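Enquirer:
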Amino acid sequence: MDAVYEPLPLEGNHIRLLEVKVRRSFLGLVRELVCNFRVVSLDDNDNTLKYTALSYAWDDPTPVRKIQLANGRSLPLSRTLSNLIDSLQRQGEDSFTIWVDALCINQNDLIEKASQVRMMGDVYSKAKQVLVWLGASTPQSKRAFRFMSSKQGASYPDDWGNESDRAGLKEVFLFLDRPWFRRVWVIQEVILGSNVLMACGDDRIDFDIFRNCTFGIWLFLDTLNHYGADNPSVRGLWCFNRMIHIRETFQADGAVGYETCLEAAFHVEATDPRDKVYAFRGIAHKDSSLLPEPDYAVPVEQVYRETAEALLCHGQSLDLLALCGIAFREHPSILPTWAPDPGHPSFTEPFAMCDRGNWNVGGTLMRRPSIVPPNQLRLQVNFFGTVVETCPTFDAYLVGHQQVAVRAALAMRQRAPGNISEAAWKDAIAVSMTFGLDVDDEPAGPEYRTFFEEWLQWLQSSTSQDDLDKISGNKFQQTIGPRVDGWRAFMTQQGPFGIGPAETRVGDAIYLVPGCRLPLVLRHDPDASDTVPLPEKILVGWCYVYGLMHGRDISPGEPNTDILLR
């Protein structure tokens, strides 16, 4: 296949475009496709760059057919690319120009591949259109697109929510199981496109209509409670909504923090795990010049560690630490606990919560961390309290598990220091289980206390798993799943109620870190060296502590101290 490609010019930002001409018979039927590569410079500011950039999910690369180039050579097409080319030629145009990475980049040339990855931002931002290819159509996808087309003139959300809409939204929800929604590169591709069209088979719909439908799923589709977090449609819904949030941030600010991008990387999949860093270069803040350059010969762990070192030791924030720790890892990792490992999927979204809740526990960054060889992070921290009690983990979709966890959380009041009233303790539980935010990620109003009481009464009287249907419309029940599923309540010796990752255990400590908006759970390193003068800790993860999330005055008796994170 390499013989197909002539080397790209070494100077300037050049890419290949694939020009396709459709030759038809006198009856208008397609007789053949004639294709040719055209090399263009992205530095040109004239109108010659009229092409459609394709966003799609890679599939089994096994060729199912070939398309001929004008020079006599040919390009193999996978099933996905074959369906895509066929759909484009059925749109009625006799010629079209596209950029599609699998064809326009020599995938066997790692140097060219790395060089082209650096240009991805310009490739999609300069395209006249970004076409999101979601695959071949099915009867189910046609029902979903038929419904979405019917909502093009509807005022959102005022003209939504009737019975027929819920049936249509169910079809859209099921459609979200397609692999595209869970891919990492598509985030940048959609965010940079000024004109984005969603396509499945021969069906097309504007991106904004598709966006409204996914918002409508959260608002109007009560049956979401019947699906677990591992369901492909649920994962697709999460990933797409996170993409929308990043897109809106980018459109408002012109860039997105790399930490926010890495937060999304935990949700999605990548053929090459290095792309969970590289795929965001086109939309991230430009102060990321110290981040590793794309290089597919570098070990994955090195890419992740060097990315963390650049952001923590040279950036303006230590928020990245909220994406790190053993709580974010399903399996043992050779990475230090202060480096993120987005190869392990996670749906916790600390920065989304911070932004909406206006949290700022750590305050101003006082001094940047530094690396202590071989791989420890020297970090300023402020001790808050030691965990003295934990509860079983929450599970919003298993009634029995919820009952056990909530019963234990309520009982902790009896052992809390001070005379805390039952009402005050319930307030702490109600706020903490939703992080103080409603189902739309906005600060929850007083009505959520009513929703909580209704939910608690239901939970305490439930006798079987079937009772879950009786509470499906309750806003508190709808909110807690995305917040605290798999997390556990805890209490420190000072008494504040908190919720942290399942890995939190008695003896762990809560620390505030100047420059990090979230409190962190740290654990004494059992392998700590006796010869090291500083305490050595392991990062467990971030947590929510009732009454603490908006910051507090640090008294002179609580000075910042240095620790080493392993």
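Numbering of the sequence shown is given in the numbering used here, commencing with residue 9 and proceeding in unit increments. Just so you know, even glycine gets a beta-carbon here, dropped at the ideal spot from N, CA and C. The structure displayed is predicted, hence computed values, not measured ones.
Between the alpha carbons of Pro147 and Leu85, how many angstroms are there, rounded?
Expert: By 1-based counting over the sequence shown, the position of residue 147 is 139. By 1-based counting over the sequence shown, the position of residue 85 is 77. Going by the C-alpha atoms only, they are around 25 Å apart.
Enquirer: Which first and last residues belong to the alpha helix (DSSP H) in which Lys434 is found?
Expert: Stepping through the sequence shown from its first residue, residue 434 is reached at position 426. That run of the alpha helix (DSSP H) goes Glu430 to Thr442.
Enquirer: Going by Cα to Cα distance, which pick from Gly393, Gly559 and Gly508 is closest to Pro400?
Expert: By 1-based counting over the sequence shown, the position of residue 400 is 392. The shortest Cα separation from Pro400 among Gly393, Gly559 and Gly508 belongs to Gly508.
Enquirer: Pull up the DSSP beta-bridge partners for Met156, would you.
Expert: Position 148 of the sequence shown, counting from 1, holds the residue named residue 156. Partner(s): none; Met156 has no beta bridge.
Enquirer: Return the first residue and the last residue of the alpha helix (DSSP H) that Met128 is part of.
Expert: Counting from 1 along the sequence shown, the entry for residue 128 is found at position 120. Looking at the DSSP string, the run of the alpha helix (DSSP H) that includes Met128 is Met128 to Ser133.
Enquirer: DSSP three-state label for Asp173, please.
Expert: Mapped onto the sequence shown, residue 173 falls at position 165. In this structure, Asp173 counts as helix in the three-state DSSP scheme.
Enquirer: Excluding five sequence neighbours on each side, which residues of the same chain lie with their C-beta closer than 8 Å to the C-beta of Asp446?
Expert: On the sequence shown, position 438 is the one that residue 446 refers to. Answer for Asp446: Ala452, Gly453, Tyr456, Lys483 and Thr487, listed in chain order.
Enquirer: Quick check: the Cα distance between Leu520 and Ala431, rounded to an integer number of angstroms?
Expert: Along the sequence shown, one-based indexing puts residue 520 at 512. Along the sequence shown, one-based indexing puts residue 431 at 423. Roughly 28 Å between the two C-alpha positions.
Enquirer: Can you list, in chain order, the residues of its chain whose CB lies under 7 Å from that of Phe248, leaving out five sequence neighbours each side?
Expert: On the sequence shown, position 240 is the one that residue 248 refers to. Once the five neighbours on either side are set aside, the close Cβ partners of Phe248 are Leu184, Phe189 and Thr222.
Enquirer: Met9: buried (16+ other C-beta within 10 angstroms of its C-beta) or exposed?
Expert: Numbered from its first residue, the sequence shown carries residue 9 at position 1. Confidence is the limiting factor: at Met9 the pLDDT is only 46, short of 50, which leaves the residue's position unreliable and the question unanswerable from this model.
Enquirer: Taking 6 Å as the limit between beta carbons, can you name the residues of its chain near Pro543, skipping five residues before and five after?
Expert: The count along the sequence shown starts at 1 and reaches residue 543 at position 535. For Pro543, where only same-chain residues beyond five positions count, the Cβ hits under 6 Å are Ile571.
Enquirer: Can you pull the DSSP bridge partners for Phe505?
Expert: In the sequence shown, the residue the question calls residue 505 occupies position 497. In DSSP, Phe505 forms a bridge with Met499.
Enquirer: According to DSSP, which residues form a beta bridge with Leu41?
Expert: For the purposes of this step, residue 41 is identified with residue 33 of the sequence shown, where counting begins at 1. Paired residue(s): Val30.
Enquirer: I'd like to know whether the C-beta atoms of Leu177 and Ser241 end up nearer to each other than 9 Å.
Expert: Here the question's residue 177 lines up with position 169 in the sequence shown. Here the question's residue 241 lines up with position 233 in the sequence shown. Not closer than 9 Å, so no.
Enquirer: So, is Thr398 buried or exposed, given that buried needs 16 or more other C-beta atoms within 10 angstroms?
Expert: In the sequence shown, counting from the first residue as 1, residue 398 sits at position 390. Here Thr398 is buried. Its C-beta has 16 or more other C-beta atoms within 10 Å.
Enquirer: Tell me which residues share the same chain as Arg46 and place their Cβ nearer than 6 Å to its Cβ, disregarding the 5 neighbours each side in the sequence.
Expert: The count along the sequence shown starts at 1 and reaches residue 46 at position 38. Cβ within range, chain order: Leu25 and Glu27.
Enquirer: Could you spell out where the alpha helix (DSSP H) holding His352 opens and where it closes?
Expert: Stepping through the sequence shown from its first residue, residue 352 is reached at position 344. Per DSSP, His352 lies in no alpha helix (DSSP H) and is assigned neither H nor E.
Enquirer: May I have the straight-line CA-CA distance separating Ile342 from Phe153, to the nearest angstrom?
Expert: For this step, residue 342 is matched to residue 334 along the sequence shown. For this step, residue 153 is matched to residue 145 along the sequence shown. Going by the C-alpha atoms only, they are around 45 Å apart.
Enquirer: If I measure Cβ to Cβ from Asp303 and keep anything under 6 Å in the same chain, skipping five residues before and after, which residues do I get?
Expert: One-based indexing of the sequence shown puts residue 303 at position 295. These residues qualify, in order along the chain: Ala122.
Enquirer: For Leu139, which beta-bridge partners are listed by DSSP?
Expert: Along the sequence shown, read from residue 1 onward, the residue named residue 139 stands at position 131. According to DSSP, Leu139 bridges with Leu62 and Leu205.
Enquirer: Using the DSSP secondary-structure output, state which residues sit across from Val264 in a beta bridge.
Expert: Here residue 264 refers to the residue found at position 256 of the sequence shown. Note: Val264 sits in a beta bridge opposite Ala292.
Enquirer: Please state whether the Cβ-Cβ distance between Glu271 and Leu319 is less than 9 Å.
Expert: By 1-based counting over the sequence shown, the position of residue 271 is 263. By 1-based counting over the sequence shown, the position of residue 319 is 311. Taking 9 Å as the Cβ cut-off, Glu271 and Leu319 do not qualify as a contacting pair.
Enquirer: Near Asn220, which residues of its chain fall below 6 Å by C-beta distance, leaving aside the five closest residues on each side in sequence?
Expert: Translated into positions along the sequence shown, residue 220 becomes position 212. If we look at Asn220 and ignore the five residues flanking it on each side, its Cβ neighbours are Tyr164.
Enquirer: What does a CB cutoff of less than 7 Å around Cys208 pick up in its chain, not counting 5 residues either side in sequence?
Expert: Start at 1 with the first residue of the sequence shown, and residue 208 comes out as number 200. The residues are Leu142, Gly143, Ser145, Ser149 and Phe153.
Enquirer: Rounded C-beta distance between Ser63 and Glu197? I'm assuming under 8 Å.
Expert: On the sequence shown, position 55 is the one that residue 63 refers to. On the sequence shown, position 189 is the one that residue 197 refers to. About 4 Å; that satisfies the 8 Å criterion.
Enquirer: Across which residues does DSSP place Ser378 in a beta bridge pair?
Expert: Numbered from 1 along the sequence shown, position 370 holds the residue referred to as residue 378. Partner(s): Arg386.
Enquirer: Relative to the C-alpha of Gly426, which residue among Leu298, Thr500, Tyr132 and His293 is closest?
Expert: If you number the sequence shown from 1, residue 426 lands on position 418. Residue Thr500 is the option with its Cα nearest to Gly426.
Enquirer: By the three-class DSSP mapping on this structure, what secondary structure does Leu530 have?
Expert: As a working mapping, residue 530 is identified with position 522 in the sequence shown. Leu530 falls in the strand class under three-state DSSP.
Enquirer: Could you name the residues that DSSP lists as bridge partners for Ile518?
Expert: To locate residue 518, count along the sequence shown from 1; it is residue 510. Per DSSP, Gly393 and Val529.
Enquirer: Once you ignore the five residues that flank Thr257 on each side, which residues in its own chain have a CB closer than 8 Å to its CB?
Expert: Working through the sequence shown from its first residue, we reach residue 257 at position 249. Closer than 8 Å at the Cβ level, and outside the excluded window around Thr257, lie Val264 and Thr268.
Enquirer: Does DSSP classify Tyr456 as helix, strand or coil?
Expert: Locating residue 456 in the sequence shown gives position 448, counting from the first residue. Correct three-state label for Tyr456: helix.
Enquirer: Please classify Pro636 as buried or exposed, where buried requires at least 16 neighbouring CB atoms within 10 angstroms.
Expert: This structure cannot speak to residue 636, because the chain is shown only from 9 to 574.
Enquirer: Could you give the C-beta distance for Leu547 and Leu329, rounded to a whole number, given that I count them as a contact under 8 Å?
Expert: Locating residue 547 in the sequence shown gives position 539, counting from the first residue. Locating residue 329 in the sequence shown gives position 321, counting from the first residue. Yes, Leu547 and Leu329 are in contact; Cβ-Cβ is about 7 Å, under 8 Å.
Enquirer: Could you have a look at Ser95 and say whether DSSP puts it in helix, strand or coil?
Expert: Walking along the sequence shown from the start, residue 95 turns up at place 87. Residue state, collapsed to three classes: helix.
Enquirer: Rounded to whole angstroms, what is the Cα-Cα separation between Ala335 and Ile93?
Expert: As a working note, residue 335 is residue 327 in the sequence shown. As a working note, residue 93 is residue 85 in the sequence shown. The straight-line gap from Cα to Cα measures roughly 43 Å.
Enquirer: Starting from the Cα of Met420, find the closest Cα among Pro307, Val204, Asp533 and Phe498 and give me that residue.
Expert: As a first step, residue 420 must be located in the sequence shown, where it is residue number 412. When only C-alpha atoms are compared, the closest one is Phe498.
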